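A.B. asks:
Residue numbers (the working numbering), protein chains in the order written: chain A, 1 to 310; chain B, 1 to 366.
1. What did DSSP end up calling residue 5 (chain B) once you bin it into helix, strand or coil?
2. At least one CB of chain B closer than 7 Å to the CB of residue 274 (chain A): is that the case?
3. Who are the neighbours of residue 338 (chain B) on chain A, taking C-beta pairs under 7 Å?
4. List the DSSP bridge partners of residue 150 (chain A).
5. When DSSP builds the beta bridges, which residues end up paired with residue 196 (chain B)?
6. To the nearest angstrom, how far is it from the Cα of residue 39 (chain A) to the Cα of residue 30 (chain A)?
7. For the candidate residues B:255, B:173, B:289 and B:75, whose alpha-carbon lies nearest to that of residue 332 (chain B)?
8. Per DSSP, what kind of secondary structure is residue 261 (chain B) in: helix, strand or coil?
9. Can you give me the C-alpha to C-alpha distance between residue 132 (chain B) and residue 145 (chain B), rounded to a whole angstrom?
10. Only counting runs of 4 or more residues, tell me where the alpha helix (DSSP H) segments fall wholly within the region 212-241 of chain B, in order along the chain.
11. Is it buried or exposed, residue 196 (chain B), if we count other Cβ atoms within 10 angstroms and call 16 or more buried?
12. Show which residues of chain D have a CB atom less than 8 Å away from the CB atom of residue 327 (chain B).
13. Thinking residue 155 (chain B) and residue 276 (chain A) are a contact (beta carbons under 8 Å), I'd like their distance in whole angstroms, please.
14. Which residue marks the beginning of the alpha helix (DSSP H) containing residue 250 (chain A), and which one marks its end?
15. Can you give the Cα-Cα distance for residue 218 (chain A) and residue 210 (chain A), rounded to whole angstroms?
16. Could you say if the region 236-255 of chain B and the region 122-138 of chain B meet the contact criterion of at least three C-beta pairs nearer than 8 Å?
17. What is the DSSP secondary structure of residue 317 (chain B), counted as helix, strand or coil?
18. Between A:262, A:269 and A:141, which has its C-alpha nearest residue 17 (chain A)'s C-alpha?
19. Name the chain A residues whose beta carbon is nearer than 7 Å to that of residue 282 (chain B)?
20. What do you reckon, are the CB atoms on residue 37 (chain A) and residue 180 (chain A) nearer than 7 Å?
21. Of the residues that make up the region 150-172 of chain A, which ones have a beta carbon closer than 7 Å to any beta carbon in chain B?
22. Would you say residue 233 (chain A) faces chain B, with C-beta separation under 7 Å as the test?
23. Once DSSP output is grouped into helix, strand and coil, what is the label at residue 198 (chain A)?
24. Helix, strand or coil for residue 243 (chain A), going by three-state DSSP, please let me know.
25. Measuring only the C-alpha atoms, how far is residue 315 (chain B) from residue 304 (chain B)?
26. In terms of alpha-carbon separation, which member of A:89, A:23, A:115 and A:128 lies closest to residue 67 (chain A)?
27. Would you please state the rounded distance, in angstroms, between the beta carbons of residue 225 (chain B) and residue 71 (chain B)? I believe it to be under 8 Å.
28. If you draw a straight line from the C-alpha of residue 69 (chain B) to the C-alpha of residue 259 (chain B), how long is it?
29. Residue 284 (chain A) versus chain B: which residues are under 9 Å apart at the beta carbon?
30. With distances taken Cα to Cα, identify the nearest neighbour of residue 41 (chain B) among B:150, B:342, B:338 and B:323.
31. Alpha carbon to alpha carbon, how far is residue 193 (chain B) from residue 54 (chain B)? Give it in angstroms, no decimals.
32. If you count every other CB in all the chains shown that lies within 10 Å of the CB of residue 181 (chain B), and 16 or more means buried, which is it?
33. Give the residues of chain A in contact with residue 155 (chain B), contact being defined as C-beta atoms less than 7 Å apart.
34. Is the CB-CB distance between residue 168 (chain A) and residue 52 (chain A) below 7 Å?
35. May I have the straight-line CA-CA distance separating residue 98 (chain B) from residue 159 (chain B), to the nearest angstrom?
36. Taking 7 Å as the threshold (beta carbon to beta carbon), is residue 144 (chain B) in contact with chain A?
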């Protein structure tokens with residue numbers, strides 16, 4: 001029994017789960033701010049991809065990882081801003097607009113990657129440093145899981161609390177939710193629906209961009225085409241499963257990340273399934289969970305509908 | 001010219017054409033930013049798409065899957081369903097069809113080809129049908145489920161094609177299925193090129209899908225559900241059944257694209273046979289504004305871009321990913337015609353944006 005536990009390395013598994021859940025949670029938080037204000041953001045995949053690329057490109061040229069993180073967030077807001085103009089002001093179908101942003105992100109990152117990075121021969125900027133929180137990181141089990149991480153993971157943990165507070169404890173959050181549930185009523189009450197939606201969509205770009213920085217600056221210290229590999233879409237699923245709440249989305253992200261981590265370790269545990277089936281695990285889990293295994297989720301009432309000012 | 005015809009001309013011809021031109025201008029801007037010469041790049045793009053040796057035939061070859069896939073995605077749009085899973089349905093259709101095509105021997109081509117095509121369509125129908133059933137019974141959004149099914153299908157294809165005793169051919173250096181039976185191969189139309197009879201199938205598919213949407217009962221139901229779910233339900237249409245059937249038919253067309261590609265071009269299947277066709281199909285359908293006839297020119301444009309892009313990347317420093325920027329810009333202009341109308345100073349006709357996805361979620365009780 002003890003030997004089995006040692007082989008399973010539960011602490012290592014949980015630590016890996018938390019790290020893998022980082023970009024999912026960040027993108028889910030972004031999607032949540034967006035959707036709570038009434039705008040679907042399927043562009044999160046493209047936002048993360050652009051963030052990952054721009055973050056890397058800036059860190060690469062300035063040799064400063066922190067400027068890279070900042071640039072990733074700015075790049076995310078850029079893509080999100082285009083999505084906002086299209087879907088809020090120009091009344092374009094929000095899913096069409098999001099899809100276009102995803103295609104655009106593949107194009108932009110692909111073209112500039114080929115021109116500026118692929119042919120580069122200098123060494124990359126490395127990855128963000130591991131920070132051990134004094135004292136807390138020494139606690140058994142809890143310490144290695146939560147307090148020996150890199151910046152983006154710490155930021156995620158803080159942002160879960162921040163987004164929860166903003167959405168449910170501030171006037172801005174109340175306005176945001178009003179715009180997502182009944183924009184006409186919100187407008188009547190004197191809320192500028194367009195302004196609220198713009199700010200939330202752009203904020204989601206910053207969160208998604210930070211999630212993108214995870215891939216290039218925290219995880220691999222490089223950029224590869226399509227490095228996000230559909231994580232933006234899984235994040236949307238996490239948001240839905242988490243019922244549009246920060247804590248719920250975090251737990252759902254942990255579930256997906258956990259199935260990922262378990263899948264990649266099953267062979268170490270002596271389970272000999274074909275590698276492709278292990279890879280399917282997070283996607284299958286996503287489908288099963290979105291299909292209502294954890295109860296039905298109800299979206300904000302006005303989400304997805306363009307709002308025309310009267 | 002009457003006002004109505006003028007409006008139709010503007011929304012069906014002028015706006016899409018202007019959007020394509022504007023898309024290329026945005027692309028040129030991106031080329032400039034990377035420090036290359038747009039004229040040089042676009043010349044190479046054009047040569048690679050049309051004027052090089054066999055380029056025109058190759059462009060048609062690439063357009064064939066786009067026609068089927070574009071029709072499939074457009075069909076989904078008409079019911080308000082966003083099928084992002086065409087790529088996966090392409091794989092599953094190709095896998096199912098290729099299995100028949102390489103394991104059945106002794107049948108004449110006139111029997112074996114339709115058999116393989118039908119099995120391919122069934123594969124796509126089944127794979128998309130999963131998303132349809134999930135949407136109809138649990139309300140799970142098809143955008144999420146079809147994307148997840150995409151990843152699963154890639155891994156499934158990789159598993160089947162790489163595993164001995166399943167679809168892996170014996171004694172091959174790179175994993176692939178055995179070659180299809182000679183009787184199952186789609187004939188070549190122009191000797192010396194790769195242009196195959198799939199082109200004729202694509203040309204037939206367009207009027208069939210148009211007829212299905214515009215002139216049949218199921219087509220009426222599809223449009224009714226896409227137009228207004230509540231009204232359709234009140235009129236006694238089974239929304240759930242319509243969703244499942246629409247997703248299935250959409251997937252069947254994607255599966256058809258897959259098996260036609262295998263029987264016409266590759267003659268066997270690898271785990272990378274689709275290479276992004278299904279994702280581009282979303283753009284094809286959007287550019288066509290979900291109209292089956294519009295799919296033809298849109299598919300031709302995308303086939304040309306795809307072929308031209310690889311030659312452009314070879315000849316100049318510009319990445320073939322540039323066409324994604326062009327595609328994205330074109331769709332923006334098509335989806336937000338207000339921009340084009342403003343640019344061209346077209347003042348008549350009310351601003352109409354492209355509304356595709358459903359406004360109302362399906363109630364689990366319907």
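Even glycine gets a Cβ: it sits at the ideal position worked out from N, Cα and C.
The structure displayed is predicted, hence computed values, not measured ones.
C.D. replies: Looking at the coordinates:
1. The sequence position of residue 5 (chain B) within the second chain is 5, counting from 1. DSSP places residue 5 (chain B) in helix when its eight states are reduced to three.
2. Start at 1 with the first residue of the first chain, and residue 274 (chain A) comes out as number 274. Yes - at least one Cβ of chain B is within 7 Å of the one on residue 274 (chain A).
3. Position 338 of the second chain, counting from 1, holds the residue named residue 338 (chain B). In chain order: 90.
4. Taking the first chain and counting its residues from 1, one reaches residue 150 (chain A) at position 150. Residue pairing for residue 150 (chain A): DSSP places it in a beta bridge opposite A:130.
5. Position 196 of the second chain holds residue 196 (chain B). Bridge partners of residue 196 (chain B) according to DSSP: B:188.
6. Locating residue 39 (chain A) in the first chain gives position 39, counting from the first residue. Locating residue 30 (chain A) in the first chain gives position 30, counting from the first residue. C-alpha of residue 39 (chain A) to C-alpha of residue 30 (chain A): approximately 11 Å in a straight line.
7. Indexing the second chain from 1 puts residue 332 (chain B) at position 332. Nearest of B:255, B:173, B:289 and B:75 to residue 332 (chain B), Cα basis: B:289.
8. To locate residue 261 (chain B), count along the second chain from 1; it is residue 261. Residue 261 (chain B) falls in the helix class under three-state DSSP.
9. Start at 1 with the first residue of the second chain, and residue 132 (chain B) comes out as number 132. Start at 1 with the first residue of the second chain, and residue 145 (chain B) comes out as number 145. Taking C-alpha positions only, residue 132 (chain B) is separated from residue 145 (chain B) by approximately 9 Å.
10. Listed in chain order, the complete alpha helix (DSSP H) runs (minimum 4 residues) inside the region 212-241 of chain B are 217-227 and 229-234.
11. Position 196 of the second chain, counted from the first residue, corresponds to residue 196 (chain B). Around the beta carbon of residue 196 (chain B), 16 or more other beta carbons lie within 10 angstroms, which makes this residue buried.
12. The chain labelled as chain D is not found among the protein chains of the depicted structure, namely A and B.
13. Numbered from its first residue, the second chain carries residue 155 (chain B) at position 155. Numbered from its first residue, the first chain carries residue 276 (chain A) at position 276. Indeed, because the Cβ distance is near 4 Å, the residues count as touching under 8 Å.
14. Position 250 of the first chain, counted from the start, is the residue given in the question as residue 250 (chain A). In the DSSP annotation of this structure, the continuous segment of the alpha helix (DSSP H) that includes residue 250 (chain A) starts and ends at 246-265.
15. Within the first chain, residue 218 (chain A) is the residue found at index 218, counting from 1. Within the first chain, residue 210 (chain A) is the residue found at index 210, counting from 1. Distance between the alpha carbons of residue 218 (chain A) and residue 210 (chain A) is about 10 Å.
16. Judged by Cβ distances under 8 Å, the region 236-255 of chain B makes contact with the region 122-138 of chain B, as three or more pairs qualify.
17. The count along the second chain starts at 1 and reaches residue 317 (chain B) at position 317. Per DSSP, reduced to three states, the secondary structure at residue 317 (chain B) is coil, with no helix or strand assignment.
18. For the purposes of this step, residue 17 (chain A) is identified with residue 17 of the first chain, where counting begins at 1. Considering only alpha carbons, the answer is A:262.
19. Within the second chain, numbered from 1, the residue matching residue 282 (chain B) stands at position 282. Chain order gives the chain A residues near residue 282 (chain B) as 99, where near means a beta carbon separation below 7 Å.
20. Indexing the first chain from 1 puts residue 37 (chain A) at position 37. Indexing the first chain from 1 puts residue 180 (chain A) at position 180. Yes. Within cutoff.
21. Taken residue by residue, none of the region 150-172 of chain A has a beta-carbon sitting less than 7 Å from a beta-carbon on chain B.
22. Walking along the first chain from the start, residue 233 (chain A) turns up at place 233. At a cut-off of 7 Å between beta-carbon atoms, residue 233 (chain A) makes contact with chain B.
23. The residue given as residue 198 (chain A) occupies position 198 in the first chain. Secondary structure of residue 198 (chain A) (DSSP, three-state): helix.
24. The residue labelled residue 243 (chain A) in the question sits at position 243 within the first chain. Coil, per DSSP.
25. To locate residue 315 (chain B), count along the second chain from 1; it is residue 315. To locate residue 304 (chain B), count along the second chain from 1; it is residue 304. Rounded to the nearest angstrom, the two C-alpha atoms are 16 Å apart.
26. By one-based count along the first chain, residue 67 (chain A) stands at place 67. With distances taken between Cα atoms, residue 67 (chain A) lies closest to A:128.
27. Here residue 225 (chain B) refers to the residue found at position 225 of the second chain. Here residue 71 (chain B) refers to the residue found at position 71 of the second chain. Not quite, the Cβ-Cβ distance comes to about 18 Å (not below 8 Å), so this is no contact.
28. Here residue 69 (chain B) is taken as the residue at index 69 of the second chain, counted from 1. Here residue 259 (chain B) is taken as the residue at index 259 of the second chain, counted from 1. Roughly 12 Å between the two C-alpha positions.
29. Locating residue 284 (chain A) in the first chain gives position 284, where the first residue counts as 1. Within 9 Å Cβ-Cβ: 148 and 152.
30. Translated into positions along the second chain, residue 41 (chain B) becomes position 41. Taking only the C-alpha atoms, the option nearest residue 41 (chain B) is B:323.
31. As a working note, residue 54 (chain B) is residue 54 in the second chain. As a working note, residue 193 (chain B) is residue 193 in the second chain. The straight-line gap separating the alpha-carbon atoms of residue 54 (chain B) and residue 193 (chain B) is approximately 7 Å.
32. Locating residue 181 (chain B) in the second chain gives position 181, counting from the first residue. The residue is buried, with at least 16 neighbouring Cβ atoms inside 10 Å.
33. Here residue 155 (chain B) corresponds to residue number 155 of the second chain, with the count starting at 1. Those within 7 Å of residue 155 (chain B) in chain A are 276, 279 and 280.
34. Start at 1 with the first residue of the first chain, and residue 168 (chain A) comes out as number 168. Start at 1 with the first residue of the first chain, and residue 52 (chain A) comes out as number 52. At the C-beta level, residue 168 (chain A) and residue 52 (chain A) stay beyond 7 Å of one another.
35. Taking the second chain and counting its residues from 1, the one referred to as residue 98 (chain B) is at position 98. Taking the second chain and counting its residues from 1, the one referred to as residue 159 (chain B) is at position 159. A straight-line Cα-Cα distance of about 15 Å links residue 98 (chain B) and residue 159 (chain B).
36. Position 144 of the second chain holds residue 144 (chain B). Closer than 7 Å to some Cβ of chain A, the Cβ of residue 144 (chain B) qualifies, so yes.
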